[in-house]
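Asks: Residue numbers (my numbering), protein chains in the order written: chain A, 16 to 119; chain B, 103 to 391.
Idealized CB from N, CA, C, for every residue including glycine.
Nothing here was measured: the structure is a model prediction, and the numbers come from that model.
1. In or out: residue 61/A buried (at least 16 other Cβ within 10 Å) or exposed?
2. For a contact defined as C-beta to C-beta under 9 Å, what are the partners of residue 40/A on chain B?
3. Suppose you measure from the CA of residue 201/B to the CA of residue 169/B; what does that come to, to the nearest Å?
4. If you draw a straight line from the C-alpha of residue 153/B to the C-alpha of residue 255/B, how long is it?
5. Any beta-carbon of chain A closer than 7 Å to the one on residue 237/B?
6. Can you list the residues of chain B that residue 172/A reaches, using a CB-CB cut of under 8 Å?
7. Short of 8 Å in beta carbon distance, which residues of its chain neighbour residue 103/B, apart from the five on each side in sequence? Order them along the chain.
8. Pull up the distance between the alpha-carbon of residue 293/B and that of residue 205/B, whole angstroms please.
9. Helix, strand or coil: how does DSSP classify residue 144/B here?
10. What residues of chain A sit near residue 240/B, judged by a beta carbon separation below 9 Å?
11. Any Cβ of chain A within less than 7 Å of the Cβ of residue 164/B?
12. I'd like the list of long-range same chain contacts for residue 253/B, defined as Cβ closer than 6 Å, with 5 residues on each side in sequence excluded.
13. Taking 7 Å as the CB-CB cut-off, is residue 111/B touching chain A?
14. Can you pull the chain B neighbours of residue 103/A, defined as C-beta to C-beta under 8 Å?
15. In this structure, how does DSSP classify residue 39/A when only helix, strand and coil are distinguished?
16. From residue 143/B to residue 32/A, what does the alpha carbon distance come to, in whole angstroms?
17. What residue range does the alpha helix (DSSP H) around residue 116/A cover?
18. Grouping DSSP H, G and I as helix and E and B as strand, with all else coil, what is residue 90/A?
19. Residue 71/A versus chain B: which residues are under 8 Å apart at the beta carbon?
20. Which residues in chain B have a C-beta closer than 7 Å to the C-beta of residue 37/A? List them in chain order.
21. Which residues, in order along the stretch 238-269 of chain B, keep a beta-carbon less than 9 Å from a beta-carbon of chain A?
22. So, using beta-carbon positions, are residue 351/B and residue 364/B closer together than 7 Å?
23. Any beta carbon of chain A sitting closer than 7 Å to that of residue 143/B?
24. For residue 94/A and chain B, any beta-carbon pair shorter than 7 Å?
25. How would you list, in chain order, the residues of chain A whose beta-carbon sits under 9 Å from the beta-carbon of residue 342/B?
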């Protein structure tokens, strides 16, 4: 699936991935690919602008750690991020059901 | 050049600050190292310049909106300083122009307060309003970002003119007005000035991040839909605004001072000031092309 098709949904997908627990950028990219059976093959670099945007909005928080001598930034869902994820899920269910009824 | 090298160069070219660059580079270095550990030969990161550009555009958009809202909050402090000082003067009675240290200083202070406060109100409100209206968009066109930054800059500069006017007034009438009024007005004006200087710096920092996102800037008619019919006729807009403000001020002063002549003088001054500000700053705030 092309990155363009995911436009507008990437933030929600990242929040959903972090619902399972804290993760760093690479792990989030792998989780997205695995959970979509490889359908979400977006340029992984685009995750970082999105993660920083979500952090500025207070939806995720992050901390540094050191892994094999490398600095690693690990992201977690905040309470506000959890609420936003619930809203996104409800919106998506409404939208997908409406599209399904038109396309079917 | 390596992916990381190209990425860093583009971030630098786009004016992304050193601390933010460092953080991004550390994150991407970790990402690339993870990929190498699992032996994926081709990096899935995407084009370095594109991602750096996307980051800069989002950052510029976010910082600009933040600066506009911060500027508005600082202007609210300036408005409180002006209202408290004027309410105090209303209770103790306005001193005559020529009762202070020098008459020219009194005139300059009053002009700064009257013109500065109105310009700050218009420019600062338009900046904050546009930032709020477009708060959900991750990236705004660079022309739109520049418009919000210009409005914020003008609003803050006008706010500083207002607080400078209050401080000049305090200095000019230091031997005439009561100590409590001088201390309260001076302290509030100084506090608001500090907040405005901080807001100015935030806005200047946001302008340092370069966005190249295409697209047009909006104008004041997007912000105020009832005025859209006047978009093609900016002269009609300024005439309407000038007449409305001039007439309103004439009636208010006529009623307050029981003098039609004084009302006409003040109304005429306000109308002229508004027309002059439109000519000088109309383009900067998107009121005319």
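Replies: Concretely, from the data shown:
1. What you label residue 61/A is simply residue 46 of the first chain in a count that begins at 1. Flag for residue 61/A reads buried.
2. In the first chain, residue 40/A corresponds to position 25, counting from 1. Those are 129, 130, 132, 133 and 136, listed as they occur along chain B.
3. As a first step, residue 201/B is located in the second chain; it is residue number 99 there, counting from the start. As a first step, residue 169/B is located in the second chain; it is residue number 67 there, counting from the start. If I take the Cα positions, the gap works out to 41 Å.
4. Residue mapping note: residue 153/B aligns to position 51 of the second chain, counting from 1. Residue mapping note: residue 255/B aligns to position 153 of the second chain, counting from 1. Whole-angstrom Cα-Cα distance: 29 Å.
5. Counting from one through the second chain, the residue named residue 237/B turns up at place 135. Judged by the 7 Å Cβ criterion, residue 237/B is not in contact with chain A.
6. The requested residue 172/A is not part of the displayed model; chain A covers only 16 to 119.
7. Within the second chain, residue 103/B is the residue found at index 1, counting from 1. Excluding positions up to five away in sequence, the list reads 111.
8. The count along the second chain starts at 1 and reaches residue 293/B at position 191. The count along the second chain starts at 1 and reaches residue 205/B at position 103. The C-alpha of residue 205/B is placed about 26 Å away from the C-alpha of residue 293/B.
9. Translated into the one-based positions of the second chain, residue 144/B becomes position 42. Note that residue 144/B has pLDDT 49, beneath the 50 cutoff, so the model's placement of it is unreliable and no number is given.
10. Walking along the second chain from the start, residue 240/B turns up at place 138. The answer, in chain order, is 26, 64, 65 and 68.
11. In the second chain, the residue the question calls residue 164/B occupies position 62. Cβ-Cβ to chain A under 7 Å: yes for residue 164/B.
12. Looking up residue 253/B in the second chain gives position 151. Apart from sequence neighbours up to five positions away, the residues of its chain that approach residue 253/B with a beta-carbon distance below 6 Å are 225, 228, 229 and 387, ordered along the chain.
13. The sequence position of residue 111/B within the second chain is 9, counting from 1. No, because no Cβ of chain A sits closer than 7 Å to the Cβ of residue 111/B.
14. On the first chain, residue 103/A is found 88 positions in, with the first residue counted as 1. Ordered by position in chain B, no residue passes the 8 Å Cβ test against residue 103/A, which lies about 13 Å from the chain.
15. Taking the first residue of the first chain as position 1, residue 39/A is located at position 24. In the three-state reduction of the DSSP assignment, residue 39/A falls in the strand class.
16. Here residue 143/B is taken as the residue at index 41 of the second chain, counted from 1. Here residue 32/A is taken as the residue at index 17 of the first chain, counted from 1. For residue 143/B, the pLDDT reaches just 48, beneath the cut-off of 50, and the residue's location in the model is therefore unreliable, although a value from the coordinates is still provided. Spanning the two alpha carbons is a distance of roughly 25 Å.
17. The residue given as residue 116/A occupies position 101 in the first chain. 94-118 is the span of the alpha helix (DSSP H), which, as asked, contains residue 116/A.
18. The residue you call residue 90/A lines up with position 75 of the first chain. It is a strand residue.
19. By 1-based counting over the first chain, the position of residue 71/A is 56. The contacting residues are 164.
20. Sequence index remark: in the first chain, residue 37/A carries index 22 (1-based). Under the 7 Å cutoff, chain B gives no residues; its nearest Cβ is about 15 Å from residue 37/A.
21. Of all residues in the stretch 238-269 of chain B, those with a C-beta nearer than 9 Å to a C-beta of chain A are 240, reading in chain order.
22. Taking the first residue of the second chain as position 1, residue 351/B is located at position 249. Taking the first residue of the second chain as position 1, residue 364/B is located at position 262. Against a cut-off of 7 Å, the Cβ pair of residue 364/B and residue 351/B comes out as no contact.
23. Residue mapping note: residue 143/B aligns to position 41 of the second chain, counting from 1. Bear in mind that the predicted position of residue 143/B carries a pLDDT of just 48, short of 50, making it too unreliable to give a figure here.
24. Indexing the first chain from 1 puts residue 94/A at position 79. Taking Cβ atoms only, chain B never reaches closer than 7 Å to residue 94/A, which makes this a no.
25. By one-based count along the second chain, residue 342/B stands at place 240. The contacting residues do not exist; residue 342/B stays about 40 Å from chain A at best.
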